[in-house]
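Below: one structure, written as structure tokens.
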Amino acid sequence: PAAPTELSWMILDGVAFPYLAWQDMGLLGQGTESAPFQIATLDDLRALSETPIVGFWSVGMHYELTANIDATDTASWNVGDHDNNADTADQAMGFSPIGNSTDQFQGTVNGAGFTITGLTINRLASDFVGLFGYLGESGSISALGVEGGSVKGYRYVGALVGVNYQGTITASYATGSVS
1057 PAAPTELSWM ILDGVAFPYL AWQDMGLLGQ GTESAPFQIA TLDDLRALSE TPIVGFWSVG
1117 MHYELTANID ATDTASWNVG DHDNNADTAD QAMGFSPIGN STDQFQGTVN GAGFTITGLT
1177 INRLASDFVG LFGYLGESGS ISALGVEGGS VKGYRYVGAL VGVNYQGTIT ASYATGSVS
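Quick note on my numbering: the sequence shown kicks off at 1057 and runs consecutively.
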């Protein structure tokens, strides 16, 4: 068969939705329980956060950290209107939270004992702010550490999770500044 083009549809084994090749996140793994997507770098973490594939945060999607991640570069990401005030200068808003009120994170993340250090999120006018902004009832996070950094938001703010709506968090922790 011919190599896929950016307009080719792709289907992963065990995933119920197709996607276009241009939407491929470049992560190793298949997103299944036996072959989870592997998060080894800050770029991989950003792909999990910002990839616009419908269903990417859905029930049945599995992710696993395979290394510690230094997230200090997030301090300069996503320059924009951080405080919803036209009279103030745009600033770096940092990392874009994984999951929100309309597209909750419902997948499974195994941190495998690894840590994410130096994460910055500066979204003073936003609700549901954290590494995971909104963990849905089927979402699960285990064995993950978030150390140092700074997380700022309006309501429902936490370093690891902004809001946990009946999801499962086990053997995980966060340190750093939250406001």
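In this text, a Cβ means the ideal position worked out from N, Cα and C, and glycines have one as well.
These numbers were taken from a predicted model, which means no experiment stands behind them.
Residue 1142 sits in coil when the DSSP states are folded into three classes, being neither helix nor strand.
By the CB criterion at 7 Å, residue 1232 and residue 1205 fall inside the cutoff.
The three-state reading of DSSP puts residue 1183 in strand, counting E and B together. Remark: C-beta atoms of residue 1128 and residue 1174 approach each other more closely than 7 Å. In this structure, the straight-line span from the alpha carbon of residue 1117 to that of residue 1180 is close to 30 Å.
Residue 1100 sits in a helix when the DSSP states are folded into three classes. Close CB contacts of residue 1142 within its chain, under the 7 Å cut and outside five residues either way in sequence, are absent. Residue 1212 and residue 1082 have their C-alpha atoms roughly 31 Å apart. Of the other Cβ atoms in all chains shown, fewer than 16 fall within 10 Å of the Cβ of residue 1123; this residue is therefore exposed.
Residue 1198 has its alpha-carbon roughly 30 Å from the corresponding atom of residue 1138. Cβ neighbours of residue 1189 within its own chain (closer than 7 Å, five residues either side excluded): 1153, 1154, 1155, 1156 and 1218.
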